[in-house]
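Visitor:
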Amino acid sequence: MAAASAVPEIEPPPPSFRSAVWNFFGFHVKRDPDGKRVVDKTTTVCRRCLTMLNYVSGNTTNMTVHLRRHHPDAKTSGVREKQQQPSKQQALPESFRQPFTRDSKRAKEIDRAIATFIAVDMRPFSVVDNIGFREMLRVLEHRYNLPSRTYFTETAVPALYNETKAKLETAVSAAPAVALTSDGWTSRATQSFLTVTVHYIDPEWQMKSSVLQTHLIESHATNDLAKALSEAVEDWKLVRAKGTIPVTTDNARNIVNAVTAAGLGPQIGCFAHTINIAAQKGMVVPKVSHLLAKMRKIVTFFHRSTTGHNVLKRKQELLQLGEKKLIQDVSTRWNSTHDTMERYLERKDAVFAAMADNTVKKNMKNINSLSDDEHTLAENLVAVMKTLKTVTIMMCEASSPTASMIMPLKISILNSMAQSDDDSPTVRDVKKNIRDDLEQRYTDPAIQHYLHKCTALDPRFKSLRHLDDATQLRIFAALNTEIVLSIEEGQAAGNTTTAPSTDTEAPHSSDSPSSSPPEKKSAMKELFGELFMGQEPRTRSAAKVADEEINLYRLADCIHIDDNPLRWWKEHHSLYPHLSKLALCYLVVPGTSVPNGTPGGRLPPKPALLIAIFGVT
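Numbering (the numbering used here), first residue to last: 219 to 835.
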């Protein structure tokens with residue numbers, strides 16, 4: 219006896235079959251490759267549980283045994299009840315009791331919904347075997363018979379993947395430029411992976427991002443990473459006729475070299491990772507390390523001790539602070555360390571009171587509270603790191619361009635780390651370490667030049683106030699050259715959009731049967747005649763077109779710092795037709811390889827972050 223994996227269609231037995239068991243059984247109906255209905259006289263189906271049994275003509279033993287074992291209330295003695303002549307049209311109540319066939323529209327809809335649930339929510343295929351899941355589906359739609367796990371593994375989910383991939387390939391191929399981000403990681407099973415994400419701007423000037431694939435690789439060696447990147451580009455048909463594909467990665471030497479080895483570039487260092495490295499350099503100052511070690515011991519105690527946790531909770535209530543847990547940091551993520559210090563300082567009075575409680579004090583061996591000087595140092599560190607924390611969160615918002623902000627943000631951070639007479643020696647050391655590390659980032663002339671062009675094409679920062687006049691002129695001259703080359707290539711390819719324009723109308727043949735009657739002259743035309751109608755068409759060189767467009771762009775006001783630059787380009791691309799094409803290529807590049815979220819917190823509204831960093835312009 220074997221349970222069917224799909225709801226079978228049942229054919230009633232012929233009237234000549236008189237055994238009572240035929241009250242509960244019928245023959246299995248199949249469909250041939252052409253969809254034709256075929257009755258299988260070698261297989262019978264139980265109408266109660268839909269179990270299929272082998273049948274040998276005239277032998278009802280298998281069916282009788284099945285009924286006695288699984289349906290003891292079924293009457294197997296006597297003769298078959300008389301069946302009414304089946305009507306050609308099925309009764310409405312009966313139609314709602316019939317199971318869906320596998321090729322029915324409703325069954326396919328539910329199959330797809332389950333496949334989407336598995337894929338989008340990253341559920342294991344074994345979920346379709348879970349009792350609770352199957353019961354839920356039975357209650358929601360009792361006529362649907364859930365297919366096996368194999369069906370979803372080999373058919374439903376692969377079909378969904380292929381459909382989604384085809385749609386994404388179409389969207390990406392329509393984009394004039396794409397950019398990639400990559401993230402290498404190691405699983406708990408010590409397997410190496412590389413995740414590749416594509417970024418592009420759609421026709422509505424919306425930033426789009428999609429994870430293309432996660433490759434299982436031999437190791438994080440340069441050659442293995444380069445191979446995975448190349449395969450992703452080839453598999454997804456990302457190559458463009460002009461230019462290479464920029465890739466944003468962390469600052470590890472292996473992935474930096476892999477981008478070049480794969481024939482991609484330029485390679486942009488993830489700004490969030492860069493800030494993390496610089497901040498970590500600031501944390502290694504001896505007094506800061508000692509402070510963090512003491513604070514981590516206290517935080518860990520209140521997380522692990524039930525008594526300590528309850529006492530801290532009561533002390534917060536007494537001080538009317540509201541209940542909040544202390545935050546444990548992750549040593550490799552400096553922003554979580556910032557959160558640890560900030561939360562500790564918020565709750566320091568409750569923490570001090572809890573540590574002084576006798577029920578807690580006896581369990582806190584070798585754990586000392588912070589001194590007043592250490593509290594002051596922690597407050598100064600939180601203030602110093604505030605800009606870095608804000609920048610880190612902001613750079614992980616991928617709904618608008620971020621590579622254009624790298625150089626302005628670098629200057630802003632360096633300015634915030636300037637030495638002050640009020641700084642303690644420890645704070646000065648922290649600032650110096652951060653400055654020394656950050657100053658050496660993005661110093662390659664080619665990368666610097668590329669990032670400056672990204673900034674120039676962002677209408678928020680196009681004034682380039684962080685650069686001297688000579689550098690500003692050099693950046694816009696480079697954009698001018700790109701426009702001239704684009705126009706000349708278009709002319710060489712037969713593109714007539716840059717051809718000289720005239721104000722004269724095309725002549726109409728008077729012999730044409732579709733020609734309209736002579737146009738009646740307006741008063742203006744009657745007065746001025748052909749005086750201003752017959753001028754020679756103006757011809758402008760590509761260099762002249764580029765100069766005029768760039769000068770017009772530079773004279774326009776910068777938009778507000780919290781406005782969306784892509785929305786601005788959508789509204790003005792017809793005014794700057796050549797610059798807008800460059801904007802599509804440069805503004806698509808992410809400034810961080812970890813968009814859409816940062817460890818340890820939710821993203822606050824972006825406008826507030828931008829104003830906090832740059833102020834209002």
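Built from N, CA and C at the ideal position, the CB exists for glycine as well.
Are there 16 or more other CB atoms within 10 angstroms of the CB of Val-414, so buried, or fewer, so exposed?
Guide: With 16 or more other Cβ atoms within 10 Å, it is buried.
Visitor: Can you give me the Cβ contacts of Asp-329 inside the same chain, cut-off strictly under 6 Å, excluding the 5 residues immediately before and after it?
Guide: Counting only Cβ-Cβ distances below 6 Å, and skipping sequence neighbours, we find Ala-374.
Visitor: Quick check: the stretch 796-807 against the stretch 616-633, are at least 3 beta-carbon pairs closer than 8 Å?
Guide: Yes, since at least three Cβ pairs between the stretch 616-633 and the stretch 796-807 fall closer than 8 Å, the two stretches touch.
Visitor: I need the straight-line Cα distance from Trp-786 to Pro-677, nearest angstrom please.
Guide: Each residue's Cα considered, the two are about 8 Å apart.
Visitor: According to the Cβ coordinates, are His-284 and Thr-261 closer than 8 Å?
Guide: Cβ distance not < 8 Å, so His-284 and Thr-261 don't count as in contact.
Visitor: For Gln-431, which residues does DSSP report across the bridge?
Guide: DSSP lists Val-414 as partners of Gln-431.
Visitor: Apart from the five residues on each side of it in sequence, which residues of its chain come closer than 7 Å, Cβ to Cβ, to Asp-468?
Guide: Here the set comprises Cys-488, His-491 and Ser-811.
Visitor: Roughly how far, in whole angstroms, is the beta-carbon of His-796 from the beta-carbon of Ile-693, given that I think they are within contact range, below 8 Å?
Guide: The Cβ separation is near 16 Å, so there is no contact.
Visitor: What residue ranges within the stretch 327-372 form continuous alpha helix (DSSP H) runs of no fewer than 4 residues, ordered along the chain?
Guide: Here the runs fully enclosed are 349-358.
Visitor: In whole angstroms, what separates the C-alpha of Gln-409 from that of Asn-441?
Guide: Taking the straight line joining both Cα atoms gives about 16 Å.
Visitor: Can you give me the start and stop residues for the alpha helix (DSSP H) that Leu-802 sits inside?
Guide: Note, Leu-802: alpha helix (DSSP H), 795-804.
Visitor: Could you give the distance in angstroms between the alpha-carbon of Phe-235 and the alpha-carbon of Tyr-273?
Guide: Cα-Cα distance, rounded: 13 Å.
Visitor: Would you check if the distance between the CB atom of Thr-399 and the CB atom of Ile-493 is smaller than 8 Å?
Guide: Their beta carbons are not under 8 Å apart, which means Thr-399 does not touch Ile-493 by this criterion.
Visitor: Buried or exposed: where does Pro-643 fall if 16 or more other Cβ atoms within 10 Å of its Cβ makes it buried?
Guide: Classification for Pro-643: exposed.
Visitor: Taking contact to mean 3 or more Cβ pairs, one atom from each stretch, closer than 8 Å, check whether the stretch 669-685 and the stretch 533-553 are in contact.
Guide: Short answer: they don't touch.
Visitor: Buried or exposed for Lys-579, going by 16 or more other Cβ atoms inside 10 Å?
Guide: Classification for Lys-579: exposed.
Visitor: Using three-state DSSP, classify Trp-787 as helix, strand or coil.
Guide: Helix, per DSSP.
Visitor: For Asp-765 and Lys-455, what's the separation of their Cα atoms in angstroms?
Guide: Between Asp-765 and Lys-455, the C-alpha separation is close to 35 Å.
Visitor: Whole angstroms are fine: how far does the CA of Glu-372 sit from the CA of Glu-227?
Guide: Cα to Cα, the separation comes out at about 24 Å.
Visitor: Please classify Tyr-668: is it buried, with 16 or more other beta-carbons within 10 angstroms of its beta-carbon, or exposed?
Guide: The residue is buried, with at least 16 neighbouring Cβ atoms inside 10 Å.
Visitor: Roughly how far, in whole angstroms, is the beta-carbon of Val-506 from the beta-carbon of Gln-546, given that I think they are within contact range, below 8 Å?
Guide: Actually they are not in contact, since the Cβ atoms of Val-506 and Gln-546 sit about 18 Å apart, beyond 8 Å.
Visitor: Name, in chain order, the residues that DSSP records as bridge partners for Val-257.
Guide: In the DSSP output, where bridge partners are listed per residue, Val-257 has Val-247.
Visitor: Going by C-alpha distance, which of Lys-649, Tyr-660 and Asn-769 is nearest Leu-697?
Guide: Cα-wise, what sits closest to Leu-697 is Asn-769.
Visitor: With 16 other CB atoms within 10 Å as the buried threshold, where does Val-840 fall?
Guide: The first residue shown for the chain is 219 and the last is 835, placing residue 840 beyond what the model contains.
Visitor: For Ile-629, which residues from the same chain have a beta carbon less than 8 Å from its beta carbon, with the 5 sequence-adjacent residues on both sides left out?
Guide: Only His-684 meet the Cβ criterion.
Visitor: Mind checking who Glu-227 pairs with in its DSSP beta bridge?
Guide: Bridge partners of Glu-227: Val-247.
Visitor: Apply the 10 Å Cβ neighbour rule to Glu-422 and answer buried if 16 or more other Cβ atoms are within range, or exposed otherwise.
Guide: Classification of Glu-422: exposed, given that the 10 Å Cβ count is below 16.
Visitor: Which residues in the same chain as Gln-240 place their Cβ atom closer than 7 Å to its Cβ, once the five residues preceding and following it in sequence are excluded?
Guide: Looking at the sequence provided, one finds Trp at residue 240 rather than Gln. Once the five neighbours on either side are set aside, the close Cβ partners of Trp-240 are Pro-231 and Arg-298.
Visitor: Starting from the N-terminal side, write out each stretch of the beta strand (DSSP E) that is 3 residues or longer and does not extend beyond the stretch 444-470.
Guide: For the stretch 444-470, whole beta strand (DSSP E) runs of length 3 or above, ordered along the chain, are 465-467.
Visitor: Is it right to say His-556 is buried, meaning 16 or more other beta carbons lie within 10 angstroms of its own, or is it exposed?
Guide: That one is buried.
Visitor: Would you report the Cα separation of Leu-358 and Ala-331, rounded to the nearest angstrom?
Guide: So the alpha carbons of these two residues sit roughly 13 Å apart.
Visitor: If the criterion is Cβ atoms closer than 8 Å, does the pair Ala-439 and Ala-480 meet it?
Guide: Result no, Cβ atoms of Ala-439 and Ala-480 do not sit closer than 8 Å.
Visitor: Which one of Asp-258, Lys-254, Val-256 and Asp-291 has the shortest CA to CA distance from Phe-242?
Guide: It is Asp-291 whose Cα lies nearest to the Cα of Phe-242.
Visitor: To which residues of the same chain is Ala-446 closer than 6 Å at the C-beta, ignoring the five residues directly before and after it?
Guide: Closer than 6 Å at Cβ, skipping near neighbours: Leu-412, His-433 and Ile-435.
Visitor: Which residue comes first and which comes last in the beta strand (DSSP E) that contains Met-401?
Guide: Looking at the sequence itself, residue 401 is Asp, so the reference to Met does not match. Here the beta strand (DSSP E) through Asp-401 covers 396-404.
Visitor: Quick one, which of Ala-238, Val-256, Asp-252 and Ser-237 has its alpha-carbon nearest His-246's?
Guide: Of Ala-238, Val-256, Asp-252 and Ser-237, the residue nearest in Cα terms is Val-256.
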